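Residue numbers (our numbering): 2 to 216.
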Amino acid sequence: MKIFMDTANVEEIKEFADQGIVYGVTTNPSLIAKSGRTQAEVIPEICKLVPGPVSAEVISQDCEGMVREARELVRIADNVVVKIPCIPEGLKAIKILSAEGIRTNCTLIFSLGQAMLAARAGATYVSPFIGRLDDIGEDGCAFVENLVRVFRTYGLPTQIIAASIRSQEHVDRVMLAGVDIATIPTKVLAGLVHHDLTDKGLAKFMEDYRNSLKK
Ligand code: E4P
């Protein structure tokens, strides 16, 4: 499973990119707004920080507008992937962009049917939203497990990005499901490296080391 960061905060990405664990990044209009900067400012900077795909989302909701925005966005850097919402106009745009060799991430996916349509339209990635399904009383991770099974059954080349991740348990469950990518918010990613037994074990090693010097 590849690890993406789900943020538009350049400083946060720098910190984790230095650990060598971040392959790509996903953004959306809400994350861009939260960064306090514009998409045009942050996307070029993010693209330099990670080796893999950086998703930048279109604002238009009609096919023509989405395609126009997408063609502009991919001029920013080779690793830009265009995020397109899973709506009928979005599927049309994905079909056109896919034929032009422009990579797309079909976002706001909440059902197996939506994911299949996005894959058939030619999306490079689909983003099922776990946390938002949990919010309405469904099991978002179970949805991702089913999606992985369906895509494998039909041998679809479209990769699955587990999105709307809210906890370490979400990360563990999508990893067990065999998802291609998890896009993880900074706070959850920061928590993954920690374990009480690691801290206790390290303290004991250091204590034993210091004691050995006294002998
Ligand atoms: C990423 O592609 C999504 O836009 C993001 O994970 C949504 O997360 P949220 O449901 O926590 O806003």
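The beta-carbon is built from N, C-alpha and C at its ideal position, and this holds for glycine as well. These numbers were taken from a predicted model, which means no experiment stands behind them.
### Task
Please indicate yes or no: does the CB of N10 lie closer than 7 Å to some heavy atom of ligand 1?
no
#### Entry: For A207, three-class secondary structure by DSSP
The question names Ala, but residue 207 is Met in the sequence shown. Note: M207 maps to helix in three-state DSSP.
### Task
Check S165 in the structure and name its three-state DSSP category.
coil
### Task
Report yes if the C-beta of S213 is less than 7 Å from at least one heavy atom of ligand 1; otherwise report no.
Checking the Cβ of S213 against ligand 1 gives no.
### Task
Taking D136 as the reference, give the member of V149, N80, L118, R167 with the closest Cα.
R167
### Task
Answer yes or no: the CB of A164 versus the heavy atoms of ligand 1, is any distance below 7 Å?
yes
### Message
One question on the structure: do A94 and C64 come within less than 8 Å of each other, judged by their Cβ atoms?
### Response
yes
### Message
Given 7 Å as the limit, tell me if D7 has its C-beta closer than that to any heavy atom belonging to ligand 1.
### Response
yes
### Query
So what does DSSP say about E58, is it helix, strand or coil?
strand
### Query
Which word fits K84, buried or exposed, when buried means at least 16 other C-beta atoms lie within 10 angstroms of its C-beta?
buried
### Ranges of the beta strand (DSSP E) found wholly within the region 78 to 110, counting only runs of at least 3
81 to 86, 105 to 110
### Query
From T184 to E12, what distance separates their C-alpha atoms?
17 Å
#### Entry: Distance between beta carbons of V55 and I82, contact taken as under 8 Å
Residue 82 is actually Val in this sequence, not Ile. Sure, about 7 Å apart at Cβ, within 8 Å.
### Query
So is the beta-carbon of R217 under 7 Å away from any non-hydrogen atom of ligand 1?
Residue 217 is absent from the model: the chain starts at 2 and stops at 216.
### Query
Alpha carbon to alpha carbon, how far is V68 from L98?
7 Å
### I162 and I131 closer than 8 Å at C-beta
no
### Task
Taking only heavy atoms of ligand 1 into account, decide whether any of them is closer than 7 Å to the Cβ of R174.
no
### Task
Sort out for me which residues DSSP pairs T184 with in a bridge.
F5
### Message
In the DSSP output, what is V26 paired with across the bridge?
### Response
M6, V55
### Task
Could you give the DSSP three-state label for Q20: helix, strand or coil?
coil
### Query
What are the boundary residues of the alpha helix (DSSP H) that includes V145?
141 to 154
### Task
Compute the Euclidean distance between the alpha carbons of A120 and Y155, then round it to the nearest angstrom.
For A120 and Y155, the distance between alpha carbons rounds to 11 Å.
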